[in-house]
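For the sequence shown, my numbering begins at 196 and goes up steadily by one.
Since the structure comes first, as structure tokens, the remarks are kept for the end.
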Amino acid sequence: MVKTIRLTTAQALVKFLNQQYIHVDGREFPFVEGVFNIFGHGNVLGIGQALEQEAGRLKIIQGKNEQGMAHAAIAYSKQMLRQKIYAVTTSVGPGAANLTAAAGTALANNIPVLLLPGDTFATRQPDPVLQQVEQEYSAAVTTNDALKPVSRYWDRITRPEQLMSSLLRAFEVMTDPAKAGPATICISQDVEGEAYDFDESFFINRVHYLDRKLPTERELNEAAELIKASKKPVILVGGGAKYSEAHEILITLSERHNIPLVETQAGKSTVESTFKNNLGGMGITGTLSANKAARQADLIIGIGTRYTDFATSSKTAFQFDQTKFLNINVSRMQAYKLDAFQVVADAKTTLEQLAPLLEDYTSEFGGTITELKEEWAAERDRLGKVTFSREDFDPEVKNHFSQEVLNEYADTLNTELAQTTALLTINDTIAPDSIIIGSAGSLPGDLQRIWNPTVRNTYHLEYGYSCMGYEVSGTLGLKLADPTKEVYSLVGDGSFLMLHSEFLTSIQYNHKINVLLFDNSGFGCINNLQMDHGSDSYYCEFRTHDNQILNVDYAKIAEGYGAKAYRANTVEELKAALEDAKNQKVSTLIEMKVLPKTMSDGYDSWWHVGVAEVSNKESIQKAYEFKQEKLTHAKQY
Numbered sequence: 196m197v198k199t200i201r202l203t204t205a206q207a208l209v210k211f212l213n214q215q216y217i218h219v220d221g222r223e224f225p226f227v228e229g230v231f232n233i234f235g236h237g238n239v240l241g242i243g244q245a246l247e248q249e250a251g252r253l254k255i256i257q258g259k260n261e262q263g264m265a266h267a268a269i270a271y272s273k274q275m276l277r278q279k280i281y282a283v284t285t286s287v288g289p290g291a292a293n294l295t296a297a298a299g300t301a302l303a304n305n306i307p308v309l310l311l312p313g314d315t316f317a318t319r320q321p322d323p324v325l326q327q328v329e330q331e332y333s334a335a336v337t338t339n340d341a342l343k344p345v346s347r348y349w350d351r352i353t354r355p356e357q358l359m360s361s362l363l364r365a366f367e368v369m370t371d372p373a374k375a376g377p378a379t380i381c382i383s384q385d386v387e388g389e390a391y392d393f394d395e396s397f398f399i400n401r402v403h404y405l406d407r408k409l410p411t412e413r414e415l416n417e418a419a420e421l422i423k424a425s426k427k428p429v430i431l432v433g434g435g436a437k438y439s440e441a442h443e444i445l446i447t448l449s450e451r452h453n454i455p456l457v458e459t460q461a462g463k464s465t466v467e468s469t470f471k472n473n474l475g476g477m478g479i480t481g482t483l484s485a486n487k488a489a490r491q492a493d494l495i496i497g498i499g500t501r502y503t504d505f506a507t508s509s510k511t512a513f514q515f516d517q518t519k520f521l522n523i524n525v526s527r528m529q530a531y532k533l534d535a536f537q538v539v540a541d542a543k544t545t546l547e548q549l550a551p552l553l554e555d556y557t558s559e560f561g562g563t564i565t566e567l568k569e570e571w572a573a574e575r576d577r578l579g580k581v582t583f584s585r586e587d588f589d590p591e592v593k594n595h596f597s598q599e600v601l602n603e604y605a606d607t608l609n610t611e612l613a614q615t616t617a618l619l620t621i622n623d624t625i626a627p628d629s630i631i632i633g634s635a636g637s638l639p640g641d642l643q644r645i646w647n648p649t650v651r652n653t654y655h656l657e658y659g660y661s662c663m664g665y666e667v668s669g670t671l672g673l674k675l676a677d678p679t680k681e682v683y684s685l686v687g688d689g690s691f692l693m694l695h696s697e698f699l700t701s702i703q704y705n706h707k708i709n710v711l712l713f714d715n716s717g718f719g720c721i722n723n724l725q726m727d728h729g730s731d732s733y734y735c736e737f738r739t740h741d742n743q744i745l746n747v748d749y750a751k752i753a754e755g756y757g758a759k760a761y762r763a764n765t766v767e768e769l770k771a772a773l774e775d776a777k778n779q780k781v782s783t784l785i786e787m788k789v790l791p792k793t794m795s796d797g798y799d800s801w802w803h804v805g806v807a808e809v810s811n812k813e814s815i816q817k818a819y820e821f822k823q824e825k826l827t828h829a830k831q832y
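Below is the structure:
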């Protein structure tokens, strides 16, 4: 006779989460670390009651914004190399809708997270309930339907027994490296509290195995032949290489065969920047050395990369008439990118099995790799010494702003600090094993180019979705993932204003994070984009109704939350603030007023964006003509 246990749907959910384990390379540990929550009428009496009654080993954290706490959960999973997750529960209506941007962030980056929004009544008896949307064409549509296109797995629970098959499917998806992404299970609020006699065997310890997918003999042999036939191969290190923990074999192959490494945003810090053959980031936000190597390559070996437009310079980074592609990826879809030869397998395992097949092969790069690395080191050093003069500002840095406008910013913000100078000061001052995080604006470009991570897995950029507001909330996730390390959010004022809700959560739970706020009073990255393509500066600067530059005291905001705050507008002030922040026990914020147009620019790269085909401005007409000319060099598929 089947043994059963009578539980509510929500109680069964919590009990199940406690019993999920993951097995990776001989190690076995719990997969679900805890639950972020914001309770409302759609989940407080169901999931809330279940957690209060018996949370088990789950850590419970109260969030302040649904998107913010979900971003913290995503950053936690990303930093844990997708081997552990937090679940996120919200109420119905706007609480669930706020998950949409976060779900998109997780989906674009292939990060597992379990989203548990409440839903309207399964019985429909009291409809329309508070926060319920109504559509004339279907009574079955709720706010949660908006989560379908940004979820890897999506389900709605309208009967208690549906939970069992739904949870099994969700965990299958989240623990599959090829499909990893957000799993959304919407539970009708009346069903959350409804009881059912669940089979006891449903709650046994369940182990999900992350077995490494092995390459076939055909894949290995043909991949080896491609490499041995090439003269100048380049290895492109993507996020899949980091998740696969392919660090050692990448260094071995690169050294043994003199093959340069270049990186995507997700792949950066898989291999330390100090490694002699690591030329840094590639593409639009890449280094000149990496982009030069890619231009010379006759074979690109893509390791766990999605080949986004930023990594490929909108498919203009390579000489397609001479360059072939070899892709190693657990995702068959990603392996097919750029018409490559596909090895659908785990990165680390594949490279280890390829190694003996390459024998005495050596590329023809010779000493070029060292020359390229030294060339970029000199340029990086220059970027760290950019200075401002009210009389004669460097026209390369000015980037369309007149001297008069730059002087206005310098006077209003009371600063002469350049963004690149501030970044390199930070890089040189914080502990090498500190973890940094970024996401949107001009900072990701500067970070991929000039930030040198000398310790593995200390560079955490969300650039699959480039979601503004991820930076501060995500830093809390980093701290939860590695409580022993100092963690730093590098964020612009635009992103900070967009969302920083979990800064308060970090203070509330005594999880110290450090926010490094670069304030140039505007959406500087997009301002560059519009002006680079012939437009004037239009609604991207932060100006008042009478055209005065906004000067916000962000340090005072942080102090109001209970954080330790600093104001640093010079290199000396910044160094002192960083050193003092290391000694603090509470979260900190360092406000830096930086001059606009002092970020680094593209190096031998191009970004395909929509430019007006018809305009009354000659500068826009020229920008459109330039785009059309560049497209003649771009691969079309």
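We put the beta carbon where it would ideally sit given N, CA and C, even for glycine.
How do the stretch 454-462 and the stretch 488-507 stand: do at least 3 beta-carbon pairs fall below 8 Å, yes or no? The stretch 454-462 makes contact with the stretch 488-507; the number of CB pairs closer than 8 Å reaches 3 or more.
Taking just the CA atoms, how far does Gln-823 sit from Phe-837? Any answer about residue 837 is impossible in this case: the structure gives the chain only from 196 up to 832.
Kindly indicate which three-state DSSP category Tyr-216 falls into: helix, strand or coil? Residue state, collapsed to three classes: strand.
Which same chain residues end up closer than 6 Å to Ser-425 when comparing Cβ atoms and leaving out the 5 residues on each side of it in sequence? Cβ within range, chain order: Asp-493 and Leu-494.
With distance defined between alpha-carbon atoms, name the residue in Tyr-798, Ser-526, Thr-679 and Phe-691 nearest to Tyr-665. Nearest option by C-alpha distance: Phe-691.
Is Asp-641 near Met-794, with beta carbons less than 7 Å apart? The Cβ-Cβ distance between Asp-641 and Met-794 falls below 7 Å.
Proximal residues to Leu-612 (C-beta, below 6 Å), its chain only, five neighbours per side dropped: The beta carbon of Leu-612 is closer than 6 Å to those of Asn-764 and Val-789 in its chain, skipping five residues each way along the sequence.
Buried or exposed: which applies to Val-667, given that a residue is buried once 16 or more other Cβ atoms fall within 10 Å of its Cβ? Val-667 is buried by the Cβ-count criterion.
For Pro-225, which three-state DSSP category applies? Pro-225: strand per DSSP, three-state reduction.
Are the beta-carbon atoms belonging to Glu-440 and Lys-532 less than 7 Å from one another? No, the Cβ-Cβ distance between Glu-440 and Lys-532 is not below 7 Å.
Classify Glu-554 as buried or exposed, calling it buried when 16 or more other Cβ atoms lie within 10 Å of its own Cβ. Per the 10 Å Cβ criterion, exposed.
For Thr-203 and Ser-241, believed in contact at Cβ under 8 Å, the rounded distance: A quick correction: the sequence has Gly, not Ser, at residue 241. Yes, Gly-241 and Thr-203 are in contact; Cβ-Cβ is about 7 Å, under 8 Å.
If I follow the unbroken alpha helix (DSSP H) through Ser-383, where does it start and stop? Counting along the chain, Ser-383 falls outside any alpha helix (DSSP H), though it belongs to the beta strand (DSSP E) covering 377-383.
Identify whether Ser-584 lies in helix, strand or coil by the three-state DSSP scheme. Secondary structure of Ser-584 (DSSP, three-state): coil.
Work out the CA separation of Tyr-734 and His-740 for me, nearest whole Å. Straight-line Cα distance between these residues: approximately 12 Å.
Quick check on DSSP: helix, strand or coil for Asn-266? Before going on, a small fix: residue 266 reads as His here, not Asn. Here His-266 sits in helix by DSSP.
Closest residue to Val-710 among Leu-309, Gly-258 and Tyr-756 (Cα-Cα distance): Looking at Leu-309, Gly-258 and Tyr-756, the one whose alpha-carbon comes closest to that of Val-710 is Tyr-756.
Mapping DSSP to helix, strand and coil, what is His-728? If DSSP states are grouped into helix, strand and coil, His-728 belongs with coil.
DSSP on Met-275, reduced to helix/strand/coil? For Met-275, the secondary structure class from DSSP, reduced to helix, strand or coil, is coil.
Euclidean distance between Cα positions of Gly-636 and Gly-687: For the pair Gly-636 and Gly-687, the Cα-to-Cα distance works out to about 7 Å.
Per-residue burial, Thr-480 [other beta carbons within 10 Å of its own, 16 or more giving buried]: Counting C-beta atoms within 10 angstroms of its own C-beta, Thr-480 has 16 or more neighbours from the protein chains shown and is therefore classed as buried.
Element boundaries [alpha helix (DSSP H), containing Ala-542]: Segment 542-549, the alpha helix (DSSP H) holding Ala-542.
Are Thr-469 and Thr-649 close, meaning C-beta to C-beta below 7 Å? Taking the C-beta atoms as reference points, Thr-649 is found nearer than 7 Å to Thr-469.
May I ask which residues mark the beginning and end of the alpha helix (DSSP H) holding Leu-692? It spans 688-693 - the alpha helix (DSSP H) in which Leu-692 sits, taken as one unbroken run.
C-alpha gap between Ala-207 and Glu-389, whole angstroms: Taken atom to atom, the span from the alpha-carbon of Ala-207 to that of Glu-389 is near 11 Å.
So, is the C-beta of Asn-522 closer than 7 Å to a C-beta in chain C? The structure shown contains no chain C; it holds only a single protein chain.
So, helix, strand or coil for Trp-802, using DSSP? Coil, per DSSP.
Is Ser-361 near His-452, with beta carbons less than 7 Å apart? Their beta carbons are not under 7 Å apart, which means Ser-361 does not touch His-452 by this criterion.
Which residues mark the beginning and the end of the alpha helix (DSSP H) in which His-442 is found? Counting along the chain, the alpha helix (DSSP H) containing His-442 begins and ends at 442-452.
Do the stretch 695-704 and the stretch 245-262 meet, that is, are 3 or more Cβ pairs less than 8 Å apart? Judged by Cβ distances under 8 Å, the stretch 695-704 makes contact with the stretch 245-262, as three or more pairs qualify.
Cβ shell of Ile-663 (< 6 Å), same chain only, five flanking positions each side left out: For the record, residue 663 in the displayed sequence is Met; it is not Ile. Excluding its 5 nearest sequence neighbours in each direction, Met-663 has C-beta neighbours in its own chain below 6 Å: Ala-635, Ser-690 and Met-693, listed in chain order.
Would you say Val-336 and Gln-330 are within 7 Å of each other, going by their C-beta atoms? In this structure, Gln-330 lies closer than 7 Å to Val-336 by Cβ.
Could you check whether Gln-278 and Ile-217 sit closer than 7 Å to each other, using their CB atoms as the reference points? Cβ distance < 7 Å, so Ile-217 and Gln-278 count as in contact.
Do you know how far the Cα of Met-726 is from the Cα of Val-809? Each residue's CA atom was taken as its position, placing Val-809 and Met-726 some 17 Å apart.
Taking Ile-752 as the reference, give the member of Asp-628, Ile-785 and Ala-419 with the closest Cα. Cα-wise, what sits closest to Ile-752 is Ile-785.
Shortest alpha-carbon distance to Thr-295 belongs to which of Arg-319, Leu-578, Ile-269 and Glu-820? It is Ile-269 whose Cα lies nearest to the Cα of Thr-295.
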